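24 is the number of the first residue of the sequence shown in the numbering used here; add one for each residue after it.
Remarks on the structure that follows.
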Amino acid sequence: MSYNDAKKKYAKIGIDTEKAIAELGKIAISLHCWQGDDVGGFETTGGASGGIATTGNYPGKARTPQELMDDLAFALSLIPGRHRVNLHACYGIHEGKVTDRDCLTPANFEPWVKWAKKTGVKLDFNPTFFSHPKAADGLTLSSPDPKVRAFWVKHGIQCLKIAEYFAKELKSPCAINFWMPDGYKDEPSDRLGPRQRMADSLDKIFKAKYDKKAVVPTLESKLFGIGVESYTVGSHEFVMGYAMTRKILALLDMGHFHLTESVADKISSFLMTFGKVAFHISRPVRWDSDHVIRQNDDLRAAAQEIVKMGPKNFIVALDYFDASINRVAAWVLGMRNMQKELLKAMLVPWKDLTKLQDAGDFTAQLVLQEEYKNYPADEVWAEFCRRCGVTAGEDWFTAVRKYEKDVLLKR
Ligand code: RNT
Ligand code: ZN
Numbered sequence: 024m025s026y027n028d029a030k031k032k033y034a035k036i037g038i039d040t041e042k043a044i045a046e047l048g049k050i051a052i053s054l055h056c057w058q059g060d061d062v063g064g065f066e067t068t069g070g071a072s073g074g075i076a077t078t079g080n081y082p083g084k085a086r087t088p089q090e091l092m093d094d095l096a097f098a099l100s101l102i103p104g105r106h107r108v109n110l111h112a113c114y115g116i117h118e119g120k121v122t123d124r125d126c127l128t129p130a131n132f133e134p135w136v137k138w139a140k141k142t143g144v145k146l147d148f149n150p151t152f153f154s155h156p157k158a159a160d161g162l163t164l165s166s167p168d169p170k171v172r173a174f175w176v177k178h179g180i181q182c183l184k185i186a187e188y189f190a191k192e193l194k195s196p197c198a199i200n201f202w203m204p205d206g207y208k209d210e211p212s213d214r215l216g217p218r219q220r221m222a223d224s225l226d227k228i229f230k231a232k233y234d235k236k237a238v239v240p241t242l243e244s245k246l247f248g249i250g251v252e253s254y255t256v257g258s259h260e261f262v263m264g265y266a267m268t269r270k271i272l273a274l275l276d277m278g279h280f281h282l283t284e285s286v287a288d289k290i291s292s293f294l295m296t297f298g299k300v301a302f303h304i305s306r307p308v309r310w311d312s313d314h315v316i317r318q319n320d321d322l323r324a325a326a327q328e329i330v331k332m333g334p335k336n337f338i339v340a341l342d343y344f345d346a347s348i349n350r351v352a353a354w355v356l357g358m359r360n361m362q363k364e365l366l367k368a369m370l371v372p373w374k375d376l377t378k379l380q381d382a383g384d385f386t387a388q389l390v391l392q393e394e395y396k397n398y399p400a401d402e403v404w405a406e407f408c409r410r411c412g413v414t415a416g417e418d419w420f421t422a423v424r425k426y427e428k429d430v431l432l433k434r
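This is how it looks when you write it as structure tokens:
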């Protein structure tokens, strides 16, 4: 079937594929730099800690800022559309001695801004409250030690400045996401104190002066992490309460809930509460394993909600890290899968299906929901890719294989 045939078939159910292609082209997804080096960063060679873990030892990981920038640029060349890159504070660039987290400044990120301008991407940001000696006991903003808390508060404030610098330089608001691993392995005696301390620390951070139009803080909740199985300070309820009362955004990570919970179902309520929803698109397998996202039911359901509620109301960032496969392929596949699901969601006549729902015709609703899954979305995807000058099918992987041979395996 050609694109024109597909276009006609969709027109019969009231779908304008041209509009879908145009809409998809407008959606910028934030590509997470940390898939490129297993959440390593440029400060230590210690690897990730703080309740998150990468597994696998696939060759070719980026070891320097230049390698990570090159890999990211190559990955972006295989992804249709214009996107964003999401940096973590531990990816600051240091001449000689490493600047500690509480003293990071925009200067540590100048080469990234230069690179972003050259590559044509905007930047998002994250303070890094893990992989650091002052986070070794698993507590940062909620630590009972006021000195530790003060250190991390300062880190948060410095990161707001860096986010503002990104926004101004690149002329695009910068989302800055706060995720703290704080929690306890075993049942704590006091569940309230750490949460009060964390709220107080966050208040101190957000009291700092920053341009509220340029910098968009988001707060990410979590159910549990490795080593902090019994209690997470920044739980879902904590984050909802904090974000609502302080008027910042809450961030949903698809791996941070019980596995039988539908994260997609939370979106509409979040939208009603906050007006905008921030997302970490991930794939938990049995736990928050951060596998590369696939075109599965969870991703489809999330994409459908994003499309129905207006992509402009969402901050969509990817968050996974698989060290057992080619890392560039992991980026490209994940981004393309996200885009494919968004496109498929745009090619469903939701208004008509809603009429069936409201009329109580659940048989027709079920039948059509299933039948529409087999409509020729692939042809529309191929046309979108063609117009973006990017390979539509699996041939992008041939380019990755070549890059692996020529660049990655030589590291
Ligand atoms: C961890 C959170 C967090 C991190 C990144 C690296 O469980 O999902 O978002 O994955 O900040
Ligand atoms: Zn996350």
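Where is the CB? At the ideal position from N, CA and C, for every residue including glycine.
Computed from a predicted model, the values in this text were never measured in an experiment.
Mind checking R86: buried by the 16 CB within 10 Å criterion, or exposed? exposed
Should N80 be counted as a contact of the ligand RNT given a C-beta to heavy atom distance under 7 Å? no
Look at G119 and G161 and say whether their C-beta atoms are less than 8 Å apart. no
What are the complete beta strand (DSSP E) segments, minimum 3 residues, inside the segment 212-277? 238-243, 272-276
With distance defined between alpha-carbon atoms, name the residue in G357, L365, P307, R306 nearest to K335. L365
Can you give, in chain order, each stretch of the alpha helix (DSSP H) that sits fully within the segment 308-394 and has at least 4 residues? 320-331, 350-369, 373-382
Answer yes or no: do F153 and I38 have a C-beta to C-beta separation smaller than 8 Å? no
Say yes only if the C-beta of W202 is nearer than 7 Å to one or more non-hydrogen atoms of the ligand ZN, and no if none qualify. yes
Quick one: grab the DSSP three-state call for L110. strand
Can you determine whether any heavy atom of the ligand RNT sits closer than 7 Å to the C-beta of K245, and answer yes or no? yes
Distance between beta carbons of I329 and V339, contact taken as under 8 Å: 7 Å
If you compare alpha carbons, which of A222, G216, V136, P82 is closest to A190? V136
Is it right to say G257 is buried, meaning 16 or more other beta carbons lie within 10 angstroms of its own, or is it exposed? buried
Quick one: Cα of G104 to Cα of K170, how far? 45 Å
Looking only at its chain, what residues have a beta carbon closer than 6 Å to the beta carbon of E406, apart from the 5 residues adjacent to it on each side? Y26
According to the Cβ coordinates, are T241 and A273 closer than 8 Å? yes
Per DSSP, what kind of secondary structure is R434 in: helix, strand or coil? coil
In chain order, what residues of the same chain lie with their CB nearer than 6 Å to the CB of V262, ignoring the 5 residues before and after it? L242, S244, A273
How far does the alpha helix (DSSP H) with A96 in it reach, from first residue to last? 88-100
Assign Y198 to one of three DSSP states: helix, strand, or coil. The amino acid occupying residue 198 in the given sequence is Ala; Tyr does not appear at that position. Correct three-state label for A198: strand.
Quick one: residues in its chain with C-beta nearer than 7 Å to the C-beta of L376, no 5 flanking neighbours on either side, listed in chain order? Q388, L391, Q392
Whole-angstrom distance between F229 and A186, CA atom to CA atom: 13 Å
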